[in-house]
Ligand code: FES
Ligand code: FES
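Residue numbers (the working numbering): 170 to 354.
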């Protein structure tokens, strides 16, 4: 299974990742984390690295339909997996097929409700929010606070993020025509 490697170099392992609907056959060192492969090998830099120690949630992506901190998942652990990053959210794909490219209703809600300032935490917040709404379409504020307890924000004080997620969930529950009016995207 181990691919040939130059003398002295760490061996590389073949993996297949489906990322945002596209299959990638890669060879990675066993020590490399999923977030680094996404950012450095696949150039998907929307996913951020804040702490690299599973504290901040900036690196949150979806793996096989659930939110994970990609700085704590080895790329080889994700072999065969289906990964969704914030880049696909902008195209609306986790939310529904056939959508025009543009802001997802959850992203639009963050804009409309001042859920971001510097924006560094925002991709991870959005991925955690979408994981929540997929399981709990009408979350309470308590549900939202639990869902983002692993996502740190140094700017907003969190209340505007809770309001954004509540509004984003409500917009996602609307028919498209009504949603476009609500989200204003
Ligand atoms: Fe992964 Fe902070 S970079 S939790
Ligand atoms: Fe700056 Fe959250 S908006 S860290």
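Where a beta carbon is used, it is the ideal one built from N, C-alpha and C, also for glycine.
Assumed close pair residue 285, residue 291 - CB separation to whole angstroms, cut-off 8 Å: In the chain shown, counting from the first residue as 1, residue 285 sits at position 116. In the chain shown, counting from the first residue as 1, residue 291 sits at position 122. With a Cβ gap of about 5 Å, residue 285 and residue 291 count as contacting.
As assigned by DSSP and simplified to three states, the class of residue 317: The residue labelled residue 317 in the question sits at position 148 within the chain shown. In the structure shown, residue 317 sits in coil (DSSP, three-state: anything other than H, G, I, E or B).
Closest Cα partner of residue 228 within the set 255, 246, 212, 210: In the chain shown, counting from the first residue as 1, residue 228 sits at position 59. Ranking 255, 246, 212, 210 by Cα distance to residue 228 puts 255 first.
Any non-hydrogen atom of ligand 1 closer than 6 Å to residue 215 Cβ: Position 46 of the chain shown, counted from the start, is the residue given in the question as residue 215. Answer for residue 215: no, Cβ out of range of ligand 1.
Contact check, residue 186 vs residue 199, beta carbons under 7 Å: Here the question's residue 186 lines up with position 17 in the chain shown. Here the question's residue 199 lines up with position 30 in the chain shown. No. Outside cutoff.
Spatially closest choice to residue 216 from 243, 288, 293, 275, by CA coordinates: Position 47 of the chain shown, counted from the start, is the residue given in the question as residue 216. Ranking 243, 288, 293, 275 by Cα distance to residue 216 puts 293 first.
Any non-hydrogen atom of ligand 2 closer than 6 Å to residue 246 Cβ: On the chain shown, residue 246 is found 77 positions in, with the first residue counted as 1. It does not: the Cβ of residue 246 is nowhere closer than 6 Å to a heavy atom of ligand 2.
When 250, 288, 246, 226 are compared against residue 135, the one with the closest alpha-carbon: With the chain covering 170 to 354 only, the question about residue 135 has no answer from this structure.
DSSP three-state assignment for residue 197, whether helix, strand or coil: Here residue 197 refers to the residue found at position 28 when the chain shown is read from its first residue. Note: residue 197 maps to strand in three-state DSSP.
Through-space distance from residue 280 to residue 312, alpha-carbon basis: Here residue 312 refers to the residue found at position 143 of the chain shown. Here residue 280 refers to the residue found at position 111 of the chain shown. Distance between the alpha carbons of residue 312 and residue 280: 21 Å.
Helix, strand or coil at residue 181 [DSSP, three-state]: Numbered from 1 along the chain shown, position 12 holds the residue referred to as residue 181. Here residue 181 sits in strand by DSSP.
Per-residue DSSP class, three states only, for residue 204: Within the chain shown, numbered from 1, the residue matching residue 204 stands at position 35. It is helical.
Given residue 234 as reference, the closest of 301, 342, 314 once Cα atoms are compared: Here residue 234 refers to the residue found at position 65 when the chain shown is read from its first residue. Taking only the C-alpha atoms, the option nearest residue 234 is 301.
Coarse secondary structure for residue 343, derived from DSSP in three states: Here residue 343 refers to the residue found at position 174 when the chain shown is read from its first residue. In this structure, residue 343 counts as coil in the three-state DSSP scheme.
Contact under 7 Å by Cβ, residue 282 with residue 339: Taking the chain shown and counting its residues from 1, the one referred to as residue 282 is at position 113. Taking the chain shown and counting its residues from 1, the one referred to as residue 339 is at position 170. Their beta carbons are not under 7 Å apart, which means residue 282 does not touch residue 339 by this criterion.
Beta carbon nearer than 5 Å to a non-hydrogen atom of ligand 2: 285, 286, 287, 289, 290, 322, 323, 324
Simplified DSSP state of residue 188, which is helix, strand or coil: Counting from 1 along the chain shown, the entry for residue 188 is found at position 19. Residue 188 falls in the strand class under three-state DSSP.
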